[in-house]
Every structure is written in C-alpha cells, then in structure tokens.
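The structure under discussion appears below in the form of structure tokens.
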Amino acid sequence: MDNNKCGCESKNNEYYAESEENKLDALKENAECLCDEKSSENEKESPENSGCGCDESPAETDDSGCGCGDVEYPDQSQVNNPENAEFLASEDFIKEFESYTKSLGISSIGYTQITSDLLIKDKFIPYPHTIVLTMPMSEDIIATAPGEEAQELNNAAYAKLGEISYKISDYLRKNGYNTQVAHPYEGMVNFSPLAQKAGLGWIGKSGLLMTPELGPRLKISAIFVSIANLPVKSENKYSWISDYCNRCSNCVKACPEKALLEKETCCGNNETELVQKLCIGCSQGCTYCIEDCPFHTKGYEHVKIKFDKMSAKLRSKNKNKCV
Ligand code: SF4
Ligand code: SF4
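No gaps in the numbering here: position 64 of the sequence shown is 54 in this note's numbering, and each next residue is one more.
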C-alpha cells in the first residue's frame, strides 16, 4: 500500500526513444536515473487519465501518514556488481534462475519494464528491466489481530523477502549481471501496480494484488537488472478480477478503520479510495481486508469458476431479453 509520488527530474527519456537495434548501446551509455514526471506517453496509457477519471484500481490519497515505506533498509548484497555487465540471458539461464528463486521460497516471478509513474522515491535506477518477485505471508499474520505481535510478524515477512531478494540479486551478479534490489518495505516502488504490469495478478478493491497462487496473501519485491531480453509477457489474463470486485465489497466492509472508501464515479460505477493515513496495515499488521477476501477464503480457482458461471448466466439473461 505504497502511496508517495515521485516528482524528480528525468535524465533518461532518451532511453525510451532508442530504436531496438540501439537498445544495448543505449543500456550501456544511459545508466541514468529513471525517476521522472509522468511522460506524455504514460499519461495517455494510464487508466487514471482516461478522461472521465474512473479507475479500476483503488485511488490512494496523498497523505501517507501510515508510515509504510518510511524505512531505508541497508544493502545486504554479498557480491559486488560485475565491472563489465552482461546484457543478454539464454532461455536455459532463465529456467535455472527461476528454479533457484523457487528453491528460496518465491511463489511467482514476473518480468516487466519499470516506468517513472511506478517509482515513489527519487532514487538512481540503473536499468528499467525489472524482475518482480512474490512471497507468501504466513497464515500466522492473518490469524493475529492488529497490534504489536501482528506488526512484528508483518515486519519479519518484509525482512525475509528482503533477504531472499538480496540472495537472488547476488546469484544474478555471480552470473555476470548488474542488479539493484527494491526492498519490499522501502517504498521505492509502487509494488502492486508493478506486479500487475508484470502479469502476476490484478489489483483488487483493497489495493492489494490478487494472484492465482496466493490470492492477496503475499509480499512483493523487485530487482532491476541489466538483462535486456527478459521474457516480458505483454498480456495480463487477470483483468476480470476488477469486475468480480465490483460485485464484492468484503474488504471495504471488513476494514475496521474505514480506510477503504467507496464512491460513485461520473460514469455511475463505483471507485474505491484507500486512505493511507487511516490504514493500519504497516503500523499494526492489520490484515482484515485479506482475511475476508474470497481470493483468500475460497481460493482463486473457486472464485474464477463462480465468476465464469455468473457471467454466463448474465449473458444468457441479456440475450433472452433481446429476443
Ligand atoms: S483492513 Fe486493515 S490493512 Fe486493510 S485497508 Fe483496512 S486498515 Fe488497512
Ligand atoms: S474482498 Fe472482494 S472486493 Fe475486496 S479485493 Fe477481495 S474480491 Fe475484491
């Protein structure tokens, strides 16, 4: 539930203008900060800027009084970046890499390009190529009521994914690639939209990423890497989750702090706003919006089957109306 917005100057717009054949040269020459005001291209693509103001994902207020992401974690790398980084990876290497990450407890891996609108902090990002990692949150956190104990468990989960991310980064460095870790708690990146962009799931009304493996019960981290040919997928097959969320509001009802506000948009749809300063997810380890989410209680497959049946029924009803 990261919220701060980055407004630092870009030095790297040229990178995006490079043609495919010059990409590797550009990578070597333009290892500059990617922090940027929203580019005009991004403005066109963003659902937030589709004119009417309606957005599928919950909007977040600017006030990040909850403390999420306020901490700077030390770099835990054991291996230095290689002096002459490699820029390409074979399919075999990617397979080995993925099986290594799974052996460390990572549940899903996605690949994408970071864009300035997903960055929160004004920080040097050497490469746009991004590996996104998810790790399960333990059931203990869900079972523990908000308070000191839940917060400790939650902090421990962030720390664990941080350690794993640095191990994975070291693995990449040993294999000749340059890396930089985005720690899951550091608030450098807006993780849920980044993971959605990487095709790992879809953001639900709660503002959390819903995934087939874990529903919303997960933590997310990222690694920026010099590998220019990451197997990035262009499609995301989970966009139906928005429609499902429109018919469910369990997370909104479950929130004890009224931090999820539903309001009607100009198109007559509902939009949910996460009021960061009211949310006690980071400060007290609150997980009520996870606990009551059908993707957690019933599981992804169950929800998907139910959604498909509901959609088929609606279609047939509408068809009969037309006859
Ligand atoms: S249920 Fe808890 S974690 Fe979820 S939005 Fe409300 S306060 Fe935040
Ligand atoms: S509780 Fe319901 S509305 Fe909230 S994220 Fe989960 S499925 Fe969507």
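Note that CB positions come from ideal geometry on N, CA and C, so glycine has one too.
Since this is a predicted model, take the numbers as computed values, not measurements.
Would you tell me roughly how many angstroms separate the C-alpha atoms of Asn310 and Thr91, rounded to the nearest one? Stepping through the sequence shown from its first residue, residue 310 is reached at position 320. Stepping through the sequence shown from its first residue, residue 91 is reached at position 101. C-alpha separation (whole angstroms): 51 Å.
Within the continuous alpha helix (DSSP H) that includes Pro183, where are the two ends? Taking the first residue of the sequence shown as 1, we reach residue 183 at position 193. Its alpha helix (DSSP H) spans residues 181 to 187.
Applying the 10 Å Cβ sphere with the 16-neighbour rule, what's the burial state of Ser196? The residue labelled residue 196 in the question sits at position 206 within the sequence shown. Looking at its Cβ environment, which holds 16 or more other Cβ atoms inside 10 Å, Ser196 is buried.
Between Met300 and the rest of its own chain, which residues show a CB-CB distance below 6 Å, the 5 nearest in sequence each way excluded? As a working mapping, residue 300 is identified with position 310 in the sequence shown. Correct list: empty, nothing qualifies.
Since Tyr101 sits in a beta bridge, which residues does DSSP pair it with? Numbered from its first residue, the sequence shown carries residue 101 at position 111. Per DSSP, Ile121.
Cβ of Ile132 versus every heavy atom of ligand 1: is any distance shorter than 6 Å? Along the sequence shown, read from residue 1 onward, the residue named residue 132 stands at position 142. For ligand 1, not one heavy atom lies less than 6 Å from the Cβ of Ile132.
Can you look up Asn308 in the DSSP assignment and give me helix, strand or coil? The residue labelled residue 308 in the question sits at position 318 within the sequence shown. Of the three classes helix, strand and coil, the one that applies to Asn308 here is helix, per DSSP.
I'd like to confirm something about Tyr148: is its beta-carbon nearer than 6 Å to some heavy atom of ligand 1, or not? As a position in the sequence shown, residue 148 is number 158, starting the count at 1. Every heavy atom of ligand 1 is 6 Å or more from the Cβ of Tyr148, so no.
Buried or exposed (CB count within 10 angstroms, at least 16 for buried), Glu142: As a working note, residue 142 is residue 152 in the sequence shown. Result: exposed.
Nearest CA to the CA of Cys283: which residue from Ile110, Leu199, Ser224? The sequence position of residue 283 within the sequence shown is 293, counting from 1. Ranking Ile110, Leu199, Ser224 by Cα distance to Cys283 puts Leu199 first.
Below 7 Å between beta carbons: does that hold for Gly177 and Ile280? Along the sequence shown, one-based indexing puts residue 177 at 187. Along the sequence shown, one-based indexing puts residue 280 at 290. It is not a contact, given that the beta carbons lie outside the stated cut-off.
With a cut-off of 5 Å, give the chain-ordered residues whose Cβ is closer than this to any heavy atom of ligand 1. This criterion selects Cys245, Glu247, Ala249, Cys269, Ile270, Gly271, Cys276, Tyr278, Cys279.
What's the C-alpha gap between Pro118 and Lys307? Sequence index remark: in the sequence shown, residue 118 carries index 128 (1-based). Sequence index remark: in the sequence shown, residue 307 carries index 317 (1-based). Linking Pro118 to Lys307 through their CA atoms gives a straight-line distance of about 47 Å.
Can you tell me which of the three DSSP states Thr277 falls into? By one-based count along the sequence shown, residue 277 stands at place 287. Of the three classes helix, strand and coil, the one that applies to Thr277 here is coil, per DSSP.
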